[in-house]
Amino acid sequence: MSETRTVNPVRIFISGACAGLAQVRDSLAAHADIEFLGMAADTTKAAQKIRANGSQVILHAVAVSEELPVDEIEILREESAAPIVLLVNEMTPELLQGALRMGIADVVLLPQLTENLVFTIKKAHSLGAMQNQAARKTHESTTITVFSPKGGSGKTTIATNMAAAYAQRHRLKTLLVDIDLQFGDVAIMLGVEPQQTVLDLVMSQGELDADKLRGYVTRHPSGLDVLPSPLRPEDAELVSDERLGNLLDVARRSYDVVIIDTPTIFNSSVLTALDRTDALLVVASMEIPALKSTRVCLQTLDMLNFPRERAHVLMNRAHTKVGLRQGEVERVLERPVAFEVPSNRAVPVAINRGVPVSVAEPNADVSKAIHRVCSSFVGDGQAEAASKRRGLFGRRKKSRASEVPDGQMNLYESDVALAEAAAAAAAAPPPPAAVPDPAEVATPHDEPRRDEPAA
Ligand SMILES: Nc1ncnc2c1ncn2[C@@H]1O[C@H](COP(=O)(O)OP(=O)(O)OP(=O)(O)O)[C@@H](O)[C@H]1O
Ligand SMILES: [Mg+2]
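Counting in the working numbering, the sequence shown runs from -7 upward without gaps.
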């Protein structure tokens, strides 16, 4: 007889192996308060599945062993923050002590009554939710929206490059959301094949929480998580503002940095994003019609009461010789240009390889310019806090060679090169003052320059 499922059953996944596990699986799969998502004896396979399915509690079965399988738990922890309940056939003091040290939610000796097990799972779930809530209160996160009233001005280029730089260079947990819902091309520009899109996430049943979000993002080799736009333009209207707003709120609570790429119009999705934006980059270009549109855009932002101090003009393809001087540009815009990013052939070359230029060629002038834009929004404090927070369990894998497409190994190797270059630069004497570094172009005009943080 099948029972009626409760409104919000706890989503569980079972990993590992031990005696009596098949009975546990059968009884939990039939229980109304539990949504059984699957099972895998191999921990690495289990971790991949857990990452994709947004499990809320992980049951990890430990075969006869006196000590805690620390490696297995670390593998699971790298992919999910869900509480872990251990299922064991034998309880030893060493195992219990290890479990305590590693923050295991509970240890259950099998065989066990199903109701006891369900109680333990629900307890682990609600305690985990409370801990997440507490962590959220102290969680610093920055949402950056990249907008332009002119098509082709470089929004997606800037958004993808900043996002990859935050993920790889600053080692911040970063999500890139494409709300150019009809014609978004974030996924193509990053060379990722999305399994799911914004549409799948907002149309999914049930509560949208951090675990669910994690199951819908596509991981880029830089470590960046991507939520691409719907695959078909006609699906754009299915993404309601309410669900999109909810998604962005959840994203903010689960990521250090959220970057939002946008279409060229102030539609309701963009307004929903602006409501949640800490920093808005208005991408401009050095042509009179584009500058005029940028001025109208800035005026519209004023009319929308968007705080002026959060809107920053970014001049893309700056220094292109088109007969306009910076003073003239700022006069037309009636606003200072906060950042300049030069034009560089490496940008389209990198796009055609599906690798952001900030990752493929970190020493190119355009990449350095983008890194400086990134540094101005995320202070060292946030990066440090994020790395401390992650330090306990969430070591990011240094090598994910299996996930890196052929020919892109340099994504991770470049980290080492970057660190070496930064160290060499720090040791080298400063360049003579008379020789300006063309890469220094993205420093905010109204702020003192900052050194790049070490990779
Ligand atoms: N700094 C740059 N140097 C060289 N090429 C650039 C630069 N920025 C953008 N481009 C090129 O300009 C083209 C358009 O850029 P992009 O797609 O990022 O613009 P967009 O504003 O997102 O366009 P859309 O309005 O279609 O969404 C891309 O092919 C990219 O290669
Ligand atoms: Mg675009």
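Where is the CB? At the ideal position from N, CA and C, for every residue including glycine.
Non-local beta-carbon contacts of Ala38 in its own chain, meaning distances under 6 Å to residues more than five positions away in sequence, involve Ser7, Ala32 in chain order.
DSSP, read as helix, strand or coil, puts Leu167 in strand. Straight across, the Cα-Cα distance linking Arg93 with Ile362 is about 41 Å. In this structure, Lys142 has its beta carbon at no less than 7 Å from each heavy atom of ligand 2. For Leu273, the enclosing beta strand (DSSP E) has its first and last residue at 271 to 276. Inclusion of Phe139 and Leu272 in the CB contact set at 8 Å is warranted, their separation being smaller than that value. Under DSSP, Leu240 forms no beta bridge with any residue. Secondary structure in the region 58 to 125: the alpha helix (DSSP H) runs of 4 residues or longer, each lying completely within the stretch, are 62 to 71, 85 to 93 in chain order. In the same chain as Gly176, and ignoring 5 residues on each side of it, the C-beta atoms closer than 6 Å to its own belong to Asp170, Ser221, in chain order. Excluding sequence positions up to five before and after Gly183, its CB lies within less than 6 Å of the CB of Gly346, all in the same chain and listed in chain order. According to DSSP, residue pairing for Val305 in a beta bridge involves Val274, Val329. For the set Val2, Leu200, Thr134, Pro354, the Cα lying nearest the Cα of Arg268 is the one of Thr134.
For Phe5, the enclosing beta strand (DSSP E) begins and ends at 2 to 8. Exclusion of Ser368 from the 7 Å shell around ligand 1 follows from its C-beta lying no nearer than that to any non-hydrogen atom of the ligand. Ranked by Cα distance from Ala24, the first of Thr35, Asn0, Thr189 is Asn0.
With a threshold of 16 other beta carbon atoms within 10 Å, Glu326 falls short and is exposed. In the structure shown, Gly144 falls within a coil segment according to DSSP collapsed to helix, strand and coil. When DSSP states are grouped into helix, strand and coil, Thr256 belongs to the coil group. Within its own chain, the residues whose Cβ lies closer than 8 Å to the Cβ of Arg309, once the five positions on either side in sequence are excluded, are Gly146, Ser277, Met278, Val333, Pro334, Ser335, listed in chain order. Under a 10 Å Cβ-count criterion, Arg206 is classified as buried, with 16 or more other Cβ atoms of the shown protein chains found around its own Cβ. The beta carbon of Arg224 is closer than 6 Å to none in its chain, skipping five residues each way along the sequence. Leu102 and Val16 have their C-alpha atoms spaced approximately 9 Å apart. The C-beta separation of Thr35 from Glu59 comes to about 16 Å, leaving the pair out of contact by the 8 Å criterion.
In this structure, ligand 2 has no non-hydrogen atom nearer than 7 Å to the beta-carbon of Lys37. Not a single heavy atom of ligand 1 lies less than 7 Å from the C-beta of Ser261. For Pro213, the three-state secondary structure derived from DSSP is coil. In chain order, the residues with a C-beta atom nearer than 5 Å to some heavy atom of ligand 2 are Lys147, Thr148.
Looking only at Thr84, Pro141, Leu13, Ala352, the smallest Cα-Cα distance to Val305 is reached by Pro141. If you ignore the 5 residues before and after Asp201, its C-beta comes within less than 7 Å of the C-beta of Val242, all in its own chain and listed in chain order.
Annotation for His212: Leu182, Val184, Val218 place their beta carbon closer than 6 Å to its own, counting only its chain and skipping 5 residues before and after. The DSSP-derived three-state label of Phe369 is helix. Using a Cβ distance threshold of 8 Å, Leu266 and Thr137 count as a contacting pair.
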